[in-house]
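K.L.:
A single structure is presented below for examination.
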Amino acid sequence: MQRQLPNIVFVVVDTLRADKLDAQRNGVPIMPQLSEFSRSACRFDACMTQEVWTLPSVTSLFSSLYPEVHGIRYSTDPNAIWRSDRDKPTRNRVSSRIPLATAVLKKAGYSMLAVQTNSHLRTGMGLDRDFDEYKYMWAALGETVTTEAIQLAGSAKPPYFLYCHYFDPHSVYVEHPDFFHKYGTPPTIDDQDRRLISNFVDYYIDHFYSHLRLSKDRKYAEISPAGREHVRYLYDVECAYVDFHVAQLIQVLDHISGGENIVVVTSDHGEELWDHGALGHGKTAYSELVNVPLLLRMPGLGPTRSKDPIQLIDVMPTLLDYLHIESPSEWQGISALPRLTDVGRSSNGLPAFTSVGGTQAFTGLNTLCVVTDYAKLVIDNSSGVEQLFDIIADPGERHNLAQSRTDLRDKLRSLVLAHSRENEKHSNFGMELETAPADPEMVQELRALGYVGTSPAKP
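Using the working numbering, the first residue of the sequence shown is number 26, and each one after it goes up by one.
Structure representation (structure tokens):
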């Protein structure tokens, strides 16, 4: 008799920092529902994304390949999607040569369903190709995503794989009435901060160009310390809002199926909120961007909590391993299932890697990062600067030890060099990318979120 495969509820919360799961504001938990859910799941506290913005990160998640190998970094004509004077900007899409987890699951008998909210992952970008239903709703609120997802699951033939991409913690922020005063009175701001925050996209683009030294002049004043705290408050409100609606999704689908669903909750990247002076994402490799939550609830396993490094590219190999489905030989991720089934077993010191190439080629960003269970090295190839952190003693990554711990720096640098060489040996490395037109609707969506604007003036 054929084994009955369980349903899979696969949640990606865009722009969700790992440190928000257990965080509080004014003594009030920010994400109480998912924090409680994590106690019944396999929780990984040191999960790293492989890139710090959506398109390459989610491609890595579903392909189990590093960005250097799958090649999806930015548009083919990098400036085309940023400049309003180009008639036909193009975009890269995931190559049909890359074996995605969705194809493997579909072949195994899964009904493939998705509710997508991010413009970078809209229909036609390649990640949608194996889905039976791929419902794209640009920047839809979490409540809508949950409602649509439940309807899709309710009409699907089991077993189903349901991918829900929640967008709420991504700016621009919404002041949800039921959550806005959850933490008491929001931080007070003056009129200038109010104008800057209400014009957040233009402010962010201005900040982005200035931070990367792509523009010599600032168009806008800096948001004050009080205004920055107000922005952090708005972000926390969005985290509370999405926490509620993701929990609703899990609870309703558990009720319908009897609670035997596999559930995965993670994020594509975090968010900088001036922790190290920057705002947004796509620029640096600090923990607020690189570390993402990862919760796996698989019937018969856990609950467990691991502090060993794990990568987003390991998620799909772990899932297929649990299902007794063979992973494609091209994949670079490693199943974490042995760690979950053998209590006390560690990752054996396996490092995790991240790269930062920016959302567009003109940024000039070229950063590589390696994390072990005790240290982190960030190599900025564009500036030559190296940063070494003791992540046990200095989890906030404030004290650069690159000059005082040269032995450790050199050891981690050798890991990065070996990693780059392994990527270059991969059969997909350097393959020709597939392209598609970026239609006007997509360009407008990206412009509304700050990804599209005029080219920066050179300093």
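Where a beta carbon is used, it is the ideal one built from N, C-alpha and C, also for glycine. Model, not experiment: these values are computed from the prediction.
Measure the alpha-carbon distance for Pro31 versus Glu422 and round it to whole angstroms.
P.N.:
In the sequence shown, residue 31 corresponds to position 6, counting from 1. In the sequence shown, residue 422 corresponds to position 397, counting from 1. Distance between the alpha carbons of Pro31 and Glu422 is about 41 angstroms.
K.L.:
Alpha carbon to alpha carbon, what distance is there between Glu313 and Asp300?
P.N.:
Translated into positions along the sequence shown, residue 300 becomes position 275. Translated into positions along the sequence shown, residue 313 becomes position 288. Rounded to the nearest angstrom, the two C-alpha atoms are 8 angstroms apart.
K.L.:
Using 10 angstroms around the beta-carbon of Pro318, count the other beta-carbons present and answer buried if the total reaches 16, otherwise exposed.
P.N.:
Position 293 of the sequence shown, counting from 1, holds the residue named residue 318. Buried, because 16 or more other Cβ atoms sit within 10 Å of the Cβ of Pro318.
K.L.:
Run through the DSSP bridge pairs and tell me what Phe414 is partnered with.
P.N.:
For this step, residue 414 is matched to residue 389 along the sequence shown. For Phe414, which the question treats as bridged, DSSP gives the partners Lys401.
K.L.:
For Arg243, which residues of its own chain have a beta-carbon under 7 angstroms away from its beta-carbon, when the five flanking residues on both sides are left out?
P.N.:
For the purposes of this step, residue 243 is identified with residue 218 of the sequence shown, where counting begins at 1. Hits under 7 angstroms: Asp231 and Ser235.
K.L.:
If you compare alpha carbons, which of Arg238, Glu247 and Arg68 is closest to Val288?
P.N.:
Indexing the sequence shown from 1 puts residue 288 at position 263. It is Arg68 whose Cα lies nearest to the Cα of Val288.
K.L.:
I'd like the ranges of any alpha helix (DSSP H) spanning at least 4 consecutive residues and lying wholly in the region 295-383.
P.N.:
312-315, 340-347 and 362-366, all fully within the region 295-383.
K.L.:
By the DSSP assignment, the beta strand (DSSP E) with Pro462 in it spans what residues?
P.N.:
For this step, residue 462 is matched to residue 437 along the sequence shown. Glu459 to Pro462 is the span of the beta strand (DSSP E), which, as asked, contains Pro462.
K.L.:
Could you name the residues that DSSP lists as bridge partners for His13?
P.N.:
Only positions 26 to 484 of the chain appear in this structure, which leaves residue 13 out of reach.
K.L.:
On the DSSP letters alone, give me the boundaries of the alpha helix (DSSP H) that Ala386 sits inside.
P.N.:
Walking along the sequence shown from the start, residue 386 turns up at place 361. Here Ala386 belongs to no alpha helix (DSSP H), and DSSP marks it neither H nor E.
K.L.:
From the DSSP output, which residues share a beta bridge with His190?
P.N.:
Within the sequence shown, numbered from 1, the residue matching residue 190 stands at position 165. For His190, which the question treats as bridged, DSSP gives the partners Val37.
K.L.:
Can you have a look at Tyr399 and say buried or exposed, based on whether 16 or more other CB atoms are within 10 angstroms of its CB?
P.N.:
Along the sequence shown, read from residue 1 onward, the residue named residue 399 stands at position 374. It is exposed - the Cβ of Tyr399 has fewer than 16 other Cβ atoms within 10 Å.
K.L.:
Could you tell me whether the region 220-227 touches the region 275-291, using the rule of 3 or more Cβ pairs below 8 angstroms?
P.N.:
As far as the Cβ criterion goes, the region 220-227 does not touch the region 275-291, which means the pair count is below three.
K.L.:
Once you ignore the five residues that flank Ala303 on each side, which residues in its own chain have a CB closer than 7 angstroms to its CB?
P.N.:
Here residue 303 is taken as the residue at index 278 of the sequence shown, counted from 1. Excluding residues within five positions, the ones whose Cβ falls inside 7 angstroms are His236, Glu297 and Thr309.
K.L.:
Return yes when the Cβ of Leu166 is within less than 8 angstroms of the Cβ of Asp193, no when it is not.
P.N.:
By one-based count along the sequence shown, residue 193 stands at place 168. By one-based count along the sequence shown, residue 166 stands at place 141. Going by C-beta atoms, Asp193 is nearer than 8 angstroms to Leu166.
K.L.:
Taking the alpha carbon of Lys207 as the point to measure from, which residue in Leu138, Pro57, His195 and Gln428 has its own alpha carbon closest?
P.N.:
Locating residue 207 in the sequence shown gives position 182, where the first residue counts as 1. Among Leu138, Pro57, His195 and Gln428, the Cα nearest to that of Lys207 belongs to Pro57.
K.L.:
Measuring only the C-alpha atoms, how far is Tyr161 from Thr213?
P.N.:
For this step, residue 161 is matched to residue 136 along the sequence shown. For this step, residue 213 is matched to residue 188 along the sequence shown. Cα-Cα distance, rounded: 37 angstroms.
K.L.:
What are the boundary residues of the beta strand (DSSP E) that Ile287 is part of?
P.N.:
By one-based count along the sequence shown, residue 287 stands at place 262. Start and end: Ile287 to Thr291.
K.L.:
Helix, strand or coil, according to DSSP, for Lys3 in the structure here?
P.N.:
Summary: the structure shown does not reach residue 3, with the chain confined to residues 26 through 484, and so no result is reported for it.
K.L.:
Round the Cβ separation of Ala66 and Gly284 to the nearest angstrom and send it over; I've been treating them as touching at under 8 angstroms.
P.N.:
Reading the sequence shown from its first residue, position 41 is the one you call residue 66. Reading the sequence shown from its first residue, position 259 is the one you call residue 284. That pair is no contact at about 13 angstroms.
K.L.:
Considering just the uninterrupted stretch of the beta strand (DSSP E) at Leu237, what are its terminal residues?
P.N.:
Stepping through the sequence shown from its first residue, residue 237 is reached at position 212. Careful: Leu237 lies outside any beta strand (DSSP E) and carries neither H nor E.
K.L.:
Taking all protein chains shown into account, do 16 or more other C-beta atoms lie within 10 angstroms of the C-beta of Arg322, making it buried, or fewer, making it exposed?
P.N.:
Stepping through the sequence shown from its first residue, residue 322 is reached at position 297. Arg322 should be labelled buried.
K.L.:
Kindly indicate the opening and closing residues of the alpha helix (DSSP H) around Ser136.
P.N.:
Position 111 of the sequence shown, counting from 1, holds the residue named residue 136. Not the alpha helix (DSSP H): Ser136 falls in the beta strand (DSSP E), residues Ser136 to Gln141.
K.L.:
Can you check whether the CB of Ala181 is closer than 8 angstroms to the CB of Leu152?
P.N.:
For the purposes of this step, residue 152 is taken as residue 127 along the sequence shown, with counting starting at 1. For the purposes of this step, residue 181 is taken as residue 156 along the sequence shown, with counting starting at 1. No, these two residues do not count as a Cβ contact at 8 angstroms.
K.L.:
What are the partner residues of Pro54, as DSSP defines its beta bridges?
P.N.:
Stepping through the sequence shown from its first residue, residue 54 is reached at position 29. Paired residue(s): Gln49.
K.L.:
Short of 6 angstroms in beta carbon distance, which residues of its chain neighbour Tyr198, apart from the five on each side in sequence? Order them along the chain.
P.N.:
For this step, residue 198 is matched to residue 173 along the sequence shown. Leu259 and Glu263, listed in sequence order.
K.L.:
Evaluate contact between the region 68-80 and the region 376-383, counting only Cβ atoms and requiring at least three cross-stretch pairs below 8 angstroms.
P.N.:
Yes, the region 68-80 is in contact with the region 376-383.
K.L.:
With Asn224 as the anchor, note down where its beta strand (DSSP E) starts and where it stops.
P.N.:
Position 199 of the sequence shown holds residue 224. Per DSSP, Asn224 belongs to no beta strand (DSSP E) and is neither H nor E.
K.L.:
When you compare each of Thr148, Ala128, Val170 and Pro211 to Phe186 by their alpha carbons, which one comes out closest?
P.N.:
Residue numbering aside, residue 186 sits at position 161 when the sequence shown is read from its first letter. Of Thr148, Ala128, Val170 and Pro211, the residue nearest in Cα terms is Ala128.
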